[in-house]
Amino acid sequence: MLNIAVLVSGGGTNLQALIDAQSSGKIKGGQIVLVVSSNPSAYALERAKKANIPTKVLRRKDFKTQEDYDSALLGLLESYQISLVVLAGFLTIISENVVSHYPNRIMNIHPSLIPSFCGEGYYGLRVHEEALKRGVKVTGATVHFVNEVCDGGPIILQKAVAVQQGDTPQTLQRRVMEQAEWELLPRAVSLFCEGRLTVENGIVTIKGEEQ
Ligand code: GRF
């Protein structure tokens, strides 16, 4: 069993999707042993507590330097012997230092089809606002490994979602979550824990699945 840490900042619906998948045996070879929140009042913390998963709050602003924050985060991950870190709506930037300790072992879910509507400043409703402004007819979600480039790491899974006439950023966000995010993230986590993901030259291959 690989130990998984999920890092959150908000409502935690993606964390809930992971907890539900774990309860129904859909995360093979891994278990969530730690939830870290950058926000002490994140509802995600309640979800973790209900599922009896240990929680910690780690706020960047409580540390003087980036190095101090990184040491605290790395120390926490090491103390739980974490093999996979999942960013599920985590709003604190992960430094290159932390990334270098977990190469291709940190995953993020992004609410668009990367490389569209991603990179610095594209988070939360902003992503959907920009998609609607551009008038795209299809958007979606992407799970990718985290590297030193914001939203630029190797892509693991993607799923398209139709934009509907009359969508608001809120209705589009909800549809992308329901139809793509909550399905993709548990699947990607399970594939990792089953040892079915390999990365070569920035490209992810999934063992046992035709590409
Ligand atoms: C999701 O849209 C996710 O794609 C993005 O942040 C949001 C988190 O929502 N990275 P939740 O906290 O999982 O409900």
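Add 639 to a position in the sequence shown, counting from 1, and you land on the number used in this note's numbering.
Note that the Cβ used here is the ideal one computed from N, Cα and C, for glycine as well.
Item: Quick one: Cα of S634 to Cα of G774, how far?; Value: The requested residue 634 does not occur in the structure, where the chain is confined to residues 640 to 850.
Item: Which residues bound the beta strand (DSSP E) around L796?; Value: I794 to A801
Item: List in chain order: all unbroken beta strand (DSSP E) runs of 3+ residues lying wholly within the segment 742 to 805.; Value: 745 to 749, 777 to 784 and 794 to 801
Item: What first and last residue would you give for the alpha helix (DSSP H) that runs through S677?; Value: No alpha helix (DSSP H) holds S677; DSSP gives it neither H nor E.
Item: Quick one: what's got a C-beta closer than 8 angstroms to V802's C-beta in the same chain, skipping five residues either side?; Value: A770, L771, V775, K776, V777, T778 and L811
Item: Hey, how far is the Cα of R814 from the Cα of V738?; Value: 31 angstroms
Item: Which first and last residues belong to the alpha helix (DSSP H) in which E839 is found?; Value: Counting along the chain, E839 falls outside any alpha helix (DSSP H), though it belongs to the beta strand (DSSP E) covering L836 to E839.
Item: Using alpha carbons as the reference points, say which of E768, P793 and M816 lies closest to G805.; Value: E768
Item: In the DSSP assignment, find the alpha helix (DSSP H) that holds I658 and state where it starts and stops.; Value: T652 to S662
Item: Taking the alpha helix (DSSP H) that L646 falls in, what are its first and last residues?; Value: L646 -> not in any alpha helix (DSSP H); beta strand (DSSP E) instead, spanning L641 to V647.
Item: Alpha carbon to alpha carbon, how far is I643 from L657?; Value: 11 angstroms
Item: Please determine, among G841, L726 and Q818, the residue with the shortest C-alpha to C-alpha distance to I794.; Value: G841
Item: For Q670, which of helix, strand or coil comes out of DSSP?; Value: strand
Item: Compare the beta carbon distance of F756 and V838 with 9 angstroms and say whether it is the shorter of the two.; Value: no
Item: Among the residues of its own chain, which have a CB less than 6 angstroms from the CB of C789, if the five just before and after it don't count?; Value: G758 and E759
Item: From the DSSP output, in three-state form, read off L713 for me.; Value: helix
Item: Here's a check: name, in chain order, each residue in its chain whose Cβ is nearer than 7 angstroms to the Cβ of P679, leaving out the five neighbours to either side.; Value: V696
Item: How close, in whole Å, do the beta carbons of V828 and L723 come, if the pair is a contact with beta carbons under 8 angstroms?; Value: 7 angstroms
Item: Less than 6 angstroms between C-beta atoms, sequence neighbours within five positions excluded: which residues of the same chain meet that for A687?; Value: V674 and T694
Item: Identify whether T694 lies in helix, strand or coil by the three-state DSSP scheme.; Value: strand
Item: Where does L723 sit, in a helix, a strand or coil, going by DSSP?; Value: strand
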